[in-house]
Structure formats: C-alpha cells, structure tokens
Amino acid sequence: MSIRRIEPGPRMSKAVVHGNTVYLAGQVADKAKGASVAEQTREIVSIIDGLLAAAGTDKTKMLSVNIWLSDIGTFPEMNSVWDTWVPQGNTPARATVEAKLAAPDYKVEIAVIAAI
3 MSIRRIEPGP
13 RMSKAVVHGN
23 TVYLAGQVAD
33 KAKGASVAEQ
43 TREIVSIIDG
53 LLAAAGTDKT
63 KMLSVNIWLS
73 DIGTFPEMNS
83 VWDTWVPQGN
93 TPARATVEAK
103 LAAPDYKVEI
113 AVIAAI
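Residues 3 to 118 in this note's numbering are what the sequence shown spells out, letter by letter.
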C-alpha cells in the first residue's frame, strides 16, 4: 500500500495518507501565535480543512481528534469555535487534555485522523 506525504519537512509531514486514512500532525496557529484560544482554534481548523482537502477528504470524515490546551480553563473558549466548525451528525471521537505545548505562545494544538 502506498504512502503519500503532504507538506513533508525535515522533522515531520503535516499529513500522511496511507490507504484510506489520513493522519494529520498536531497543528498549531502560527499566524495567531500569542492570540486568544478562540483565534488560534479558528486558524487551526482552517489549516485542518486545507490539509484534509489536500488529502482528498473533508471534516465530515474525521474519525479521531486529539486536542491539547495549555490551560484547560480555556476549554469552553476552544469549544465555542469547535462547535460551530465540527459537522453535527459527523462528530469524531475526541480527547482534550491540558499539556505544556512546544512554545508559550501556543495555546491550542489539534491532531486529526480521518477517512478518505
């Protein structure tokens, strides 16, 4: 079975397609770095839309999502954006946890696994 890498870099690819599944690396908001959780979440879900499209799928095919928040107290703020973006009736399995992220200006990171 073939493997296709989307936006490969020296350390990681932004997404990897294997068979009928696409695996997205954890996505962060570089443009909204340091901005609010809501702004970062909006940028991240836009990035996810683009990567899923590049893989030949969309958010209705998400299987599993992991969300990391630098402060779990911002859970409602993140969800306010998530709830308007995620397709009702096609919501993925999801875990959300608090974690120290790669840089202090990152407040949200989201990784997705989706079907093609």
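Where is the CB? At the ideal position from N, CA and C, for every residue including glycine.
*Per DSSP, which one or two residues make a beta bridge with residue 111?*
70
*With DSSP collapsed to three states, give me the class of residue 14.*
coil
_Measuring only the C-alpha atoms, how far is residue 13 from residue 25?_
15 Å
*asked:* I believe residue 71 touches residue 110 by the beta-carbon criterion, under 8 Å. Please report the beta-carbon distance rounded to the nearest angstrom.
replied: 6 Å
_Are the CB atoms of residue 116 and residue 64 within a distance shorter than 8 Å?_
yes
*asked:* Do residue 94 and residue 66 count as a contact pair if the criterion is CB distance below 8 Å?
replied: yes
*Neighbourhood of residue 99 by C-beta, 7 Å cutoff - its chain only, sequence neighbours within 5 removed*: 70
_Under DSSP, the alpha helix (DSSP H) around residue 59 begins and ends at which residues?_
From DSSP, residue 59 is part of no alpha helix (DSSP H); its letter is neither H nor E.
_My output table needs one value for residue 93: the three-state DSSP class, helix, strand or coil._
coil
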